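S.K.: Mapping of the sequence shown onto numbering that gives the first Met the number 0: residues 0 to 446, in sequence order.
Glycine is no exception: its CB is placed at the ideal position from the N, C-alpha and C atoms.
Note that the coordinates shown come from a computational prediction; the quantities given were computed from them, not determined experimentally.
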Amino acid sequence: MAIANAFLPEASTTLPLRAAIADCLDRVIHGGGSLSREIEFSRQLIGDPREHGFFQECVYGTLREVFSLRQQLSGLMKKPLRKKELVIECLLLSGLYQLKAMSAAPHAVVNASVSACEALGRPWATGLVNAVLRNALRQAKAPASPNAPEDEARWNHPQWLIGKIRKAWPAQWEQILTAGNTHAPLTLRVNTRRNTVAAYAERLAIAGLEAEPMPESPSALMLLKPVSVNALPGFSEGDVSVQDAAAQLAAPLLEAAPHHRILDACAAPGGKTMHLLELLGDSPQLLALDISAERLASVEANATRLGVTCQLRQGDGTQRQDWWDGIAFDRILLDAPCSGTGVIRRHPDIKLHRQPEDLAAMVVMQRALLESLWTTLAPTGRLLYATCSILPMENEQLVASFCAEHPEAEAVALAGVWGRATAHGRQILTGEHQMDGFFYSLLVKHE
Ligand SMILES: C[S@@+](CC[C@H](N)C(=O)[O-])C[C@H]1O[C@@H](n2cnc3c(N)ncnc32)[C@H](O)[C@@H]1O
């Protein structure tokens, strides 16, 4: 766990902006916390809501560039910080990021970072923070650390992942890594039961928000400038949701109809479940399953916002005897837990948290889910396998191996203007058509 938190106040009190940034980064980088959760927590520590935008931009930006910032920092420090003082490393990394990439005045960055030491319970660090950031300002280019592997700092991804992506996509790896370090667009899914896409684009325009349609995904609109969801017309009434355009491909690909029995096997937080419900209309026979009760609560909250209903069930997809009534499903969506390598631009903490040894365990879980769910699929039924990964071992290779052992399984050719065809599906690489990296394979079960 991040040690710095022991010095910090409860969420009911406030922290200066730079201290809140350092605290949040410390929880993610050294405490192993998830960025989406920690950013929500730390945001509450900032008293002035006008600072929330700066806070978010700085935390995300520092994580995106953490490998090159670490290299720069190691060139500016005589010796590394002790383990229990690593929150100061986070303060320095975010300070370097502000000096390099944000619009704040350099002297203000230095002064505010120095003052943050006190709030972080580290008054001893003021001299160090002052010296390091002033040195950074003086040096047009900090000397590269001899210890930092060149590629990590250049591409801002861990070495092992650079290697895997390079091997899998020899012609596209640089483009994928570059895309992983960009800001993802805010893409909306228009609830077409409530408004047409054109009508909703009109509502956005009236609210002063510019958006573009996305030809690959008929319900999608991409905002040219991101805004908070509260600024989206009709958001709380369910007229629109936030969902990447690649994720919006799932529901139409499943070709589900109201008379089908449908299983959404890894449903939480419910983005694709809600899209299915929007397309299907009232009372479809849809069971939304997820292993996590906590995450399933988000599915419920989404359903309430959109005014739709479905059955929710907490359960492990690999243990069908615990939740399946024995009546076969006509359609199954298996949006499998995966490495998340296609969504790094939205979740830059994946670069720090994911370890190479996690991948084999993930493939075992994905295969176990596919094997278990396949037995619950009716003859002639369809199962859509999806991941937000760009690694073939979780995608094409996994489905190819499954089909080789299941002669009754056939991958349907997926026509589309998006991504590239693989032998058993289609792969979108991160950033292509402004989309997240995704893989889809549609399997039909022969009798
Ligand atoms: C990629 S996310 C699903 C995203 C979701 N389909 C959406 O569009 O919002 C994967 C989900 O699988 C769930 N999960 C992981 N292992 C599972 C298992 N053995 N059985 C059921 N759900 C599982 C996780 O809790 C997580 O919510």
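Can you tell me whether Met273 is helix, strand or coil according to DSSP?
M.R.: Residue numbering aside, residue 273 sits at position 274 when the sequence shown is read from its first letter. It is helical.
S.K.: Within its chain, find whatever has a CB closer than 6 angstroms to the CB of Glu459; leave out the 5 residues flanking it on each side and keep chain order.
M.R.: Lying outside 0 to 446, the shown extent of the chain, residue 459 is not represented and no answer is given.
S.K.: Flag Asp263 as yes when its Cβ comes closer than 8 angstroms to any non-hydrogen atom of ligand 1, and as no otherwise.
M.R.: Reading the sequence shown from its first residue, position 264 is the one you call residue 263. Yes, since a heavy atom of ligand 1 falls inside the 8 angstroms radius drawn around the Cβ of Asp263.
S.K.: List the whole-angstrom C-beta distance separating Val108 from Leu98, where the pair is believed to meet the contact cut-off of C-beta under 8 angstroms.
M.R.: Position 109 of the sequence shown, counted from the first residue, corresponds to residue 108. Position 99 of the sequence shown, counted from the first residue, corresponds to residue 98. At roughly 6 angstroms, the Cβ-Cβ gap stays under 8 angstroms, so Val108 and Leu98 are in contact.
S.K.: Please report the distance separating the alpha-carbon of Gly415 from that of Lys444.
M.R.: Within the sequence shown, numbered from 1, the residue matching residue 415 stands at position 416. Within the sequence shown, numbered from 1, the residue matching residue 444 stands at position 445. Between Gly415 and Lys444, the C-alpha separation is close to 22 angstroms.
S.K.: Going by Cα to Cα distance, which pick from Tyr96, Cys309, Ile427 and Glu151 is closest to Arg260?
M.R.: Locating residue 260 in the sequence shown gives position 261, where the first residue counts as 1. It is Cys309 whose Cα lies nearest to the Cα of Arg260.
S.K.: For Ala221, verify whether its CB is less than 8 angstroms away from any heavy atom of ligand 1.
M.R.: Residue numbering aside, residue 221 sits at position 222 when the sequence shown is read from its first letter. Correcting the residue type first, residue 221 is Met in the shown sequence and not Ala. Checking the Cβ of Met221 against ligand 1 gives no.
S.K.: Suppose you measure from the CA of Glu409 to the CA of Glu254; what does that come to, to the nearest Å?
M.R.: Against the sequence shown, residue 409 aligns to sequence position 410. Against the sequence shown, residue 254 aligns to sequence position 255. Roughly 16 angstroms separates the two Cα atoms.
S.K.: Check Phe401 in the structure and name its three-state DSSP category.
M.R.: Along the sequence shown, one-based indexing puts residue 401 at 402. Helix.
S.K.: Rounding to the nearest angstrom, what Cα-Cα distance links Ala183 and Ala420 in this structure?
M.R.: The residue you call residue 183 lines up with position 184 of the sequence shown. The residue you call residue 420 lines up with position 421 of the sequence shown. For Ala183 and Ala420, the distance between alpha carbons rounds to 24 angstroms.
S.K.: So, using beta-carbon positions, are Ile161 and Ile389 closer together than 9 angstroms?
M.R.: To locate residue 161, count along the sequence shown from 1; it is residue 162. To locate residue 389, count along the sequence shown from 1; it is residue 390. With respect to Ile389, Ile161 sits apart: the two C-beta atoms are not nearer than 9 angstroms.
S.K.: Per DSSP, what are the beta-bridge partners of Ile28 in this structure?
M.R.: Residue numbering aside, residue 28 sits at position 29 when the sequence shown is read from its first letter. DSSP, once it has assigned bridges, lists no residue as partnering Ile28.
S.K.: Rounded to whole angstroms, what is the Cα-Cα separation between Glu293 and Gly314?
M.R.: The count along the sequence shown starts at 1 and reaches residue 293 at position 294. The count along the sequence shown starts at 1 and reaches residue 314 at position 315. Distance between the alpha carbons of Glu293 and Gly314 is about 12 angstroms.
S.K.: When you compare only the Cα positions, how much space is there between Ala422 and Asp47?
M.R.: The residue labelled residue 422 in the question sits at position 423 within the sequence shown. The residue labelled residue 47 in the question sits at position 48 within the sequence shown. Near 53 angstroms, if we compare the C-alpha coordinates of Asp47 and Ala422.
S.K.: Within the present structure, is the beta-carbon of Gly270 separated from the nearest heavy atom of ligand 1 by less than 8 angstroms?
M.R.: Your numbering for residue 270 matches position 271 in the sequence shown. Flag set: Cβ of Gly270 near ligand 1.
S.K.: Could you give the distance in angstroms between the alpha-carbon of Ile175 and the alpha-carbon of Glu356?
M.R.: If you number the sequence shown from 1, residue 175 lands on position 176. If you number the sequence shown from 1, residue 356 lands on position 357. So the alpha carbons of these two residues sit roughly 22 angstroms apart.
S.K.: On the DSSP bridge list, what partners appear for Phe328?
M.R.: Position 329 of the sequence shown, counting from 1, holds the residue named residue 328. Bridge partners of Phe328: Leu376.
S.K.: Excluding sequence positions up to five away, which residues of its chain have a Cβ less than 8 angstroms from the Cβ of Asn4?
M.R.: Against the sequence shown, residue 4 aligns to sequence position 5. Low confidence applies to Asn4: its pLDDT is 43, below 50, so where it sits in the model is not reliable enough to give any reading.
S.K.: DSSP puts Asp150 in a beta bridge; with which residues?
M.R.: Within the sequence shown, the letter at position 151 stands for residue 150. Asp150 pairs with nothing; no bridge assigned.
S.K.: For the alpha helix (DSSP H) that Pro157 lies in, which residues bound it at each end?
M.R.: Walking along the sequence shown from the start, residue 157 turns up at place 158. Segment: none, Pro157 is in no alpha helix (DSSP H) and carries neither H nor E.
S.K.: Relative to ligand 1, is the shortest distance from any of its heavy atoms to the C-beta of Ala21 smaller than 8 angstroms?
M.R.: One-based indexing of the sequence shown puts residue 21 at position 22. Ala21 Cβ: outside cutoff for every heavy atom of ligand 1.
S.K.: Between Gly314 and ligand 1, is there a pair consisting of the residue's CB and a ligand heavy atom that are separated by less than 8 angstroms?
M.R.: The sequence position of residue 314 within the sequence shown is 315, counting from 1. It does: the Cβ of Gly314 is within 8 angstroms (strictly closer) of some heavy atom of ligand 1.
S.K.: Using 8 angstroms as the cut-off, classify the Cβ of Cys309 as near or not near the heavy atoms of ligand 1, replying yes or no.
M.R.: Against the sequence shown, residue 309 aligns to sequence position 310. No - ligand 1 has no heavy atom lying nearer than 8 angstroms to the Cβ of Cys309.
S.K.: Are the CB atoms of Leu449 and Leu442 nearer to each other than 9 angstroms?
M.R.: Shown here, the chain extends from 0 to 446; a query on residue 449 therefore has no answer.
S.K.: Does DSSP put Met221 in a helix, in a strand, or in coil?
M.R.: Numbered from 1 along the sequence shown, position 222 holds the residue referred to as residue 221. Strand.
S.K.: Less than 8 angstroms between the CB of Arg294 and some heavy atom of ligand 1, yes or no?
M.R.: As a first step, residue 294 is located in the sequence shown; it is residue number 295 there, counting from the start. Within the cutoff, so yes.
S.K.: Can you give me the C-alpha to C-alpha distance between Ala246 and Arg133, rounded to a whole angstrom?
M.R.: Against the sequence shown, residue 246 aligns to sequence position 247. Against the sequence shown, residue 133 aligns to sequence position 134. So the two alpha carbons sit approximately 44 angstroms from each other.
S.K.: Quickly, what does DSSP pair Gly424 with across the bridge? List them, please.
M.R.: Residue numbering aside, residue 424 sits at position 425 when the sequence shown is read from its first letter. Its beta-bridge partners are Thr421.
S.K.: In its own chain, which residues sit with a C-beta less than 6 angstroms from the C-beta of Ala287, not counting the 5 before and 5 after it?
M.R.: Taking the first residue of the sequence shown as position 1, residue 287 is located at position 288. Same-chain partners within the cutoff: Asp263, Ala266, Thr272, Val298, Cys309 and Leu311.
S.K.: When the Cα atoms are used, what is the spatial distance from Trp373 to His405?
M.R.: Numbered from 1 along the sequence shown, position 374 holds the residue referred to as residue 373. Numbered from 1 along the sequence shown, position 406 holds the residue referred to as residue 405. Answer to the nearest angstrom: the Cα atoms are 10 angstroms apart.
S.K.: What is the DSSP secondary structure of Gln55, counted as helix, strand or coil?
M.R.: For the purposes of this step, residue 55 is taken as the residue at position 56 of the sequence shown. Gln55: helix per DSSP, three-state reduction.
S.K.: Just how far apart, CA to CA, sit Glu173 and Met364?
M.R.: Against the sequence shown, residue 173 aligns to sequence position 174. Against the sequence shown, residue 364 aligns to sequence position 365. The alpha-carbon atoms of Glu173 and Met364 are separated by roughly 29 angstroms.
S.K.: Report all residues from its chain with a CB closer than 6 angstroms to the CB of Ala377; omit the five preceding and five following residues, and keep chain order.
M.R.: In the sequence shown, the residue the question calls residue 377 occupies position 378. Cβ within range, chain order: Ala327 and Asp329.
S.K.: Need the endpoints of the alpha helix (DSSP H) that Phe66 sits in, please.
M.R.: Mapped onto the sequence shown, residue 66 falls at position 67. DSSP places Phe66 in the uninterrupted alpha helix (DSSP H) bounded by Val65 to Leu75.
S.K.: Could you tell me if the beta carbon of Leu332 falls within a distance shorter than 8 angstroms of some heavy atom in ligand 1?
M.R.: Reading the sequence shown from its first residue, position 333 is the one you call residue 332. Flag set: Cβ of Leu332 near ligand 1.
S.K.: Can you have a look at Asn229 and say buried or exposed, based on whether 16 or more other CB atoms are within 10 angstroms of its CB?
M.R.: Working through the sequence shown from its first residue, we reach residue 229 at position 230. Burial call: exposed.
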